[in-house]
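Enquirer: In the working numbering, the protein residues as written are 337 to 599.
Ideal placement from N, C-alpha and C gives every residue a C-beta, glycine not left out.
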Amino acid sequence: MKHDFEERRQNRIDNAKKQAEKNKEKAIDLHREAKEMASHIPFGQPIHVGHHSEQRDRNFRKKIHQKFDKAFKTWDKAEYYENKADTIENSDAIFSDDPQALAKLKDKLAGLQRNQEFMKAANKCIRQKNKEAFLQLPFATPELWEQLNTPDVMGQIGFASYSLRNNNSNIASVKQRIAWLEKLAVRTSQETTINTVRILENMEADRVQLIFPAKPLKELRKAMGKRGFHWSKREGAWQRHYSPVAVSLAKEFAAQYQPEAKP
Numbered sequence: 337m338k339h340d341f342e343e344r345r346q347n348r349i350d351n352a353k354k355q356a357e358k359n360k361e362k363a364i365d366l367h368r369e370a371k372e373m374a375s376h377i378p379f380g381q382p383i384h385v386g387h388h389s390e391q392r393d394r395n396f397r398k399k400i401h402q403k404f405d406k407a408f409k410t411w412d413k414a415e416y417y418e419n420k421a422d423t424i425e426n427s428d429a430i431f432s433d434d435p436q437a438l439a440k441l442k443d444k445l446a447g448l449q450r451n452q453e454f455m456k457a458a459n460k461c462i463r464q465k466n467k468e469a470f471l472q473l474p475f476a477t478p479e480l481w482e483q484l485n486t487p488d489v490m491g492q493i494g495f496a497s498y499s500l501r502n503n504n505s506n507i508a509s510v511k512q513r514i515a516w517l518e519k520l521a522v523r524t525s526q527e528t529t530i531n532t533v534r535i536l537e538n539m540e541a542d543r544v545q546l547i548f549p550a551k552p553l554k555e556l557r558k559a560m561g562k563r564g565f566h567w568s569k570r571e572g573a574w575q576r577h578y579s580p581v582a583v584s585l586a587k588e589f590a591a592q593y594q595p596e597a598k599p
């Protein structure tokens, strides 16, 4: 799966855009239908309380409100998918199944470490009131010197301590991901069979995959979904990201397997 990472990423983008367009069209149709229904009620006409038509009129007006409400919710759904497509296209997140993930993470780590060193050095210059030394630092500018010497709402100057803590936390997190991916890189894919179910530890895909000989019972499918396993039509397998926990769960699900009864 790593070899087609970009293809799958583009498929996610295309699918989100398709869903956005589909829901926009549906929302427009619902809104038009609701307006058409509403046009049959003269403007300002109240419900004739006590008239034989009262209940029918109330039900009709209720349907109009429900259709308008559904139109607005469907439009919101379209905007959700539009934002999703935009996020995928413009995201700088690094996914483990990206074939360039390790290199990207190492670049990210180097950048975070440079930022940490810069913030520490800048704060030292600010404490010593040494503008000349500050301007010798990479990325330093006179404008930044003035900005960092302007007290914040707490009356503090320089890079805030929480900025250094957060950046340091990010450094530790990225280091952990690098160590994990390096560990995965030396592992080889493995396959075992339990209760006629094939369990693949697919290192190239960074997935644990369950391949059943027939469709499992609804209860098992639901249980797998709750634990992060999702059906992949492309792979013909239930799968989730690789981890020792995922392998253990896969073995448990395989042992519970019973085929769904044919109608």
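(1) Going by the beta-carbon positions, is the gap between N538 and S525 smaller than 9 Å?
(2) For T410, is the classification buried or exposed, using 16 other Cβ atoms within 10 angstroms of its Cβ as the cut-off for buried?
(3) Any chance the region 545-563 sits against the region 588-596, with 3 or more Cβ pairs inside 8 Å?
(4) In angstroms with no decimal places, state the Cα-to-Cα distance between A407 and R392.
(5) Given a threshold of 16 other Cβ atoms within 10 Å of its Cβ, counted over all protein chains shown, does K403 qualify as buried or as exposed?
(6) Below 8 Å on the Cβ atoms is my contact criterion, and I expect A496 with D488 to pass it. Report the Cβ-Cβ distance as a whole number of Å.
(7) Taking the alpha-carbon positions, what's the S584 to E453 distance?
(8) Tell me the start and end of each unbroken alpha helix (DSSP H) in the region 435-467 that is at least 4 residues and wholly inside, in chain order.
(9) Could you tell me if F379 is buried or exposed, where buried requires 16 or more neighbouring beta carbons within 10 angstroms of its beta carbon?
(10) Smallest Cα separation from F548: which of E596, H577, N502, N351?
(11) Of the residues R534, R513, K569, which one's Cα is nearest the Cα of P579?
(12) Checking the sheet assignment: what are the DSSP bridge partners for W567?
(13) From H387, H401, E343, pick the residue whose C-alpha is nearest to that of L366; which is it?
(14) Per DSSP, what kind of secondary structure is I424 in: helix, strand or coil?
(15) Ignore the nearest five residues each way along the sequence and tell me which others in R348's own chain have a CB closer than 6 Å to its CB.
(16) Measure the alpha-carbon distance for Q472 versus Q436 and round it to whole angstroms.
(17) So, with DSSP's three-state summary, where would you put P474?
(18) Taking its Cβ as the centre, do 16 or more other Cβ atoms sit within 10 Å of D412, making it buried, or is it exposed?
(19) Measure the CB-CB distance between L656 and E518 and report whether it falls below 9 Å.
(20) In the DSSP assignment, the alpha helix (DSSP H) including L553 goes from what residue to what residue?
(21) Rounded to a whole number of angstroms, what is the C-alpha to C-alpha distance between R368 and Q355?
Expert: Taking the structure as given:
(1) Locating residue 538 in the sequence shown gives position 202, counting from the first residue. Locating residue 525 in the sequence shown gives position 189, counting from the first residue. The answer is yes: Cβ separation under 9 Å.
(2) Position 74 of the sequence shown holds residue 410. So T410 ends up on the buried side.
(3) yes
(4) Numbered from its first residue, the sequence shown carries residue 407 at position 71. Numbered from its first residue, the sequence shown carries residue 392 at position 56. Cα to Cα, the separation comes out at about 23 Å.
(5) Within the sequence shown, numbered from 1, the residue matching residue 403 stands at position 67. Buried: at least 16 other Cβ atoms inside 10 Å.
(6) By 1-based counting over the sequence shown, the position of residue 496 is 160. By 1-based counting over the sequence shown, the position of residue 488 is 152. Indeed they touch by this definition, with Cβ atoms about 7 Å apart.
(7) Looking up residue 584 in the sequence shown gives position 248. Looking up residue 453 in the sequence shown gives position 117. So the alpha carbons of these two residues sit roughly 42 Å apart.
(8) 437-463
(9) For the purposes of this step, residue 379 is identified with residue 43 of the sequence shown, where counting begins at 1. Burial call: exposed.
(10) The residue given as residue 548 occupies position 212 in the sequence shown. The shortest C-alpha separation from F548 is found at E596.
(11) Position 243 of the sequence shown holds residue 579. Note that residue 579 corresponds to Ser in the displayed sequence, not to Pro. Minimum Cα distance to S579 is reached at R513.
(12) Along the sequence shown, read from residue 1 onward, the residue named residue 567 stands at position 231. Its beta-bridge partners are W574.
(13) Within the sequence shown, numbered from 1, the residue matching residue 366 stands at position 30. When only C-alpha atoms are compared, the closest one is H401.
(14) Taking the sequence shown and counting its residues from 1, the one referred to as residue 424 is at position 88. I424 falls in the helix class under three-state DSSP.
(15) Here residue 348 corresponds to residue number 12 of the sequence shown, with the count starting at 1. Only I424 meet the Cβ criterion.
(16) As a working mapping, residue 472 is identified with position 136 in the sequence shown. As a working mapping, residue 436 is identified with position 100 in the sequence shown. So the alpha carbons of these two residues sit roughly 34 Å apart.
(17) Here residue 474 refers to the residue found at position 138 when the sequence shown is read from its first residue. Coil, per DSSP.
(18) Numbered from 1 along the sequence shown, position 76 holds the residue referred to as residue 412. Answer is exposed; the Cβ neighbour count stays below 16.
(19) Since the first and last residues shown for the chain are 337 and 599, residue 656 lies out of range.
(20) Working through the sequence shown from its first residue, we reach residue 553 at position 217. From DSSP, L553 is part of no alpha helix (DSSP H); its letter is neither H nor E.
(21) The residue given as residue 368 occupies position 32 in the sequence shown. The residue given as residue 355 occupies position 19 in the sequence shown. Each residue's Cα considered, the two are about 20 Å apart.
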